[in-house]
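As structure tokens, the structure follows; a few thoughts come after it.
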């Protein structure tokens, strides 16, 4: 495809001196640096660190680890395993399995199918949420762990472990279906009590949560149920069809999925809704679901696109999170890139491919330090305060990250692209070059040396 046909208002070209693969490689390097031994396994030493990997214990995330939303141990392990598999690095794969084993064998899995999201790195106490209490949890975030287990099972040659992960994903989905109570509008509450009843308050106080009944959080339950059904592991589609109908008939529930913001329109809710409804349309064989996915969910991402560098910060090609908190956080951007690749796989429309690659190229501009650190977000509007920015700049990247979430989530869309669409050329010396669709060399395997930001 000629670059001349690309809408340049959002588009970014590849940087041949630091490609999207270099960016993913550095994120992997930083994530590995932030792991530590825990018995015979590995865990993240913190869910919130600075560019040198130091835990930020002043923050709620700083003394938490586990598979929950911010800590993302299963999802992070999956990203690491896929990367190690792609580059044939057994050490990376071994570290990924050590991190997964920590979740599977260190008390996070309850016998009834529920998955405990967090453990404090200080006292070793399990807690349900990032506020370090057991008043509530977000059910969609628990479902996301089950979904990550399913995807991990797809990658494994170890049939026993793959079967166990699939079984636990099914148990998790079953617990949620049996316990999480629906709301009058047919959707599911953003937060629930330990018993699954609606929890009507915000994370920080006993003030009413303004998006209790319209958060995109439950999209992740629908995502898990849909994937289980596609695999033939759920015998009835009734709950899935009902949830899809409630979502579409309402015009979509796109409120904040992140646990600490309260906007009715969050970019990652649109991205996750698109990915989930596209799969649900294939399962239920209803074209109106697919139409809604494109016309409302994917198209809804357009309003978050930044087509220029703002306040001297490299923001072109990124999506801001939401109107009330307009920082460009990077796990959400990575999820949007993955959504555009799903759309390209479905339609072969290269506009979607270029949007995905543009986002990854924009993210690649925001590694800092010598260890591969990728910022959690680009704060072009000084929402979080200059004291939290790299170098104390008034506008700029945040000097912290979640090592297994914001730092690492770019691996999924990057590998999705490289594995499915990059052009491969085998050299006479046996090495393999990978080129993008515009002819840019992205990497050569086997790897040599280290990528540097």
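Numbering (the numbering used here), first residue to last: 584 to 1036. Built from N, CA and C at the ideal position, the CB exists for glycine as well.
When the Cα of residue 802 is compared with those of 906, 887, 721, which residue comes out closest?
Within the chain shown, numbered from 1, the residue matching residue 802 stands at position 219. Checked all of 906, 887, 721; the closest Cα to residue 802 is 721.
Kindly list the residues whose CB is nearer than 6 angstroms to the CB of residue 769, restricted to its own chain and excluding five residues on each side of it in sequence; keep chain order.
As a working mapping, residue 769 is identified with position 186 in the chain shown. The residues are 829.
Look at the alpha carbon of residue 557 and the alpha carbon of residue 826, and state the distance between them as a whole number of angstroms.
Outside the displayed range of the chain (584 to 1036) lies residue 557, so it cannot be described from this structure.
Return the first residue and the last residue of the alpha helix (DSSP H) that residue 941 is part of.
The residue labelled residue 941 in the question sits at position 358 within the chain shown. Element bounds for residue 941: 933 to 946.
Suppose you measure from the CA of residue 748 to the CA of residue 735; what does that come to, to the nearest Å?
Taking the chain shown and counting its residues from 1, one reaches residue 748 at position 165. Taking the chain shown and counting its residues from 1, one reaches residue 735 at position 152. Between residue 748 and residue 735, the C-alpha separation is close to 8 angstroms.
For residue 980, write down the residues that DSSP places opposite it in a beta bridge.
Taking the first residue of the chain shown as position 1, residue 980 is located at position 397. DSSP, once it has assigned bridges, lists 961 as partnering residue 980.
With distances taken Cα to Cα, identify the nearest neighbour of residue 810 among 940, 737, 928.
As a first step, residue 810 must be located in the chain shown, where it is residue number 227. Taking only the C-alpha atoms, the option nearest residue 810 is 737.
Pull up the distance between the alpha-carbon of residue 899 and that of residue 962, whole angstroms please.
The count along the chain shown starts at 1 and reaches residue 899 at position 316. The count along the chain shown starts at 1 and reaches residue 962 at position 379. Roughly 13 angstroms between the two C-alpha positions.
May I ask you to verify whether the stretch 935 to 950 touches the stretch 863 to 876, counting CB pairs closer than 8 angstroms and requiring at least 3?
no
Contact under 8 angstroms by Cβ, residue 527 with residue 999:
Since the displayed the chain opens at 584 and closes at 1036, residue 527 lies outside it and no answer follows.
Exposure label - residue 754; buried when at least 16 CB within 10 Å:
Against the chain shown, residue 754 aligns to sequence position 171. Buried is the call here.
Would you kindly work out how many angstroms separate the C-alpha atoms of residue 880 and residue 853, rounded to a whole number?
As a working mapping, residue 880 is identified with position 297 in the chain shown. As a working mapping, residue 853 is identified with position 270 in the chain shown. Residue 880 and residue 853: Cα-Cα distance of roughly 5 angstroms.
To the nearest whole angstrom, what separates the beta carbons of residue 1028 and residue 610, a pair I think is in contact under 8 angstroms?
The sequence position of residue 1028 within the chain shown is 445, counting from 1. The sequence position of residue 610 within the chain shown is 27, counting from 1. Their Cβ separation, rounded to whole angstroms, is 18 angstroms, which puts residue 1028 and residue 610 out of contact at 8 angstroms.
Neighbourhood of residue 858 by C-beta, 6 angstroms cutoff - its chain only, sequence neighbours within 5 removed
The residue you call residue 858 lines up with position 275 of the chain shown. So the list reads 922, 925, once near-sequence residues are dropped.
Counting beta carbon pairs with one atom in the stretch 615 to 629 and one in the stretch 971 to 982, are three or more of them shorter than 8 angstroms?
no
Which listed residue (666, 950, 945, 597) has its alpha carbon closest to that of residue 901
Counting from one through the chain shown, the residue named residue 901 turns up at place 318. The candidate whose alpha carbon is nearest that of residue 901 is 945.
Express the C-alpha separation of residue 996 and residue 1032 in angstroms, rounding to a whole number.
To locate residue 1032, count along the chain shown from 1; it is residue 449. To locate residue 996, count along the chain shown from 1; it is residue 413. When rounded, the distance between both Cα atoms is 23 angstroms.
Starting from the Cα of residue 967, find the closest Cα among 1006, 932, 910 and give me that residue.
Position 384 of the chain shown, counted from the start, is the residue given in the question as residue 967. Taking only the C-alpha atoms, the option nearest residue 967 is 910.
Is the separation between the beta-carbon of residue 733 and that of residue 804 shorter than 8 angstroms?
In the chain shown, residue 733 corresponds to position 150, counting from 1. In the chain shown, residue 804 corresponds to position 221, counting from 1. For residue 733 and residue 804, no; Cβs fall outside 8 angstroms.
Apart from the five residues on each side of it in sequence, which residues of its chain come closer than 8 angstroms, Cβ to Cβ, to residue 1014?
In the chain shown, residue 1014 corresponds to position 431, counting from 1. Hits under 8 angstroms: 1027, 1028, 1029.
Can you say whether residue 959 is buried or exposed, counting buried as having 16 or more other CB atoms within 10 angstroms of its CB?
Against the chain shown, residue 959 aligns to sequence position 376. Residue 959 should be labelled buried.
If I measure Cβ to Cβ from residue 704 and keep anything under 6 angstroms in the same chain, skipping five residues before and after, which residues do I get?
Residue 704 sits at position 121 when you count from the first residue of the chain shown. Excluding residues within five positions, the ones whose Cβ falls inside 6 angstroms are 646, 648.
Shortest alpha-carbon distance to residue 1022 belongs to which of 1004, 1011, 1012?
Stepping through the chain shown from its first residue, residue 1022 is reached at position 439. Looking at the Cα atoms, 1004 is the closest of the given residues.
Excluding the 5 residues flanking residue 954 on each side, which residues of the same chain have their C-beta closer than 6 angstroms to its C-beta?
Walking along the chain shown from the start, residue 954 turns up at place 371. Within the same chain, residue 954 has close Cβ partners 613, 616.
Same chain, Cβ closer than 6 angstroms to residue 894, five either side skipped, listed in chain order:
Position 311 of the chain shown, counted from the first residue, corresponds to residue 894. Closer than 6 angstroms at Cβ, skipping near neighbours: 963, 978.
Per DSSP, the bridge partner or partners of residue 888
Stepping through the chain shown from its first residue, residue 888 is reached at position 305. Per DSSP, 902.
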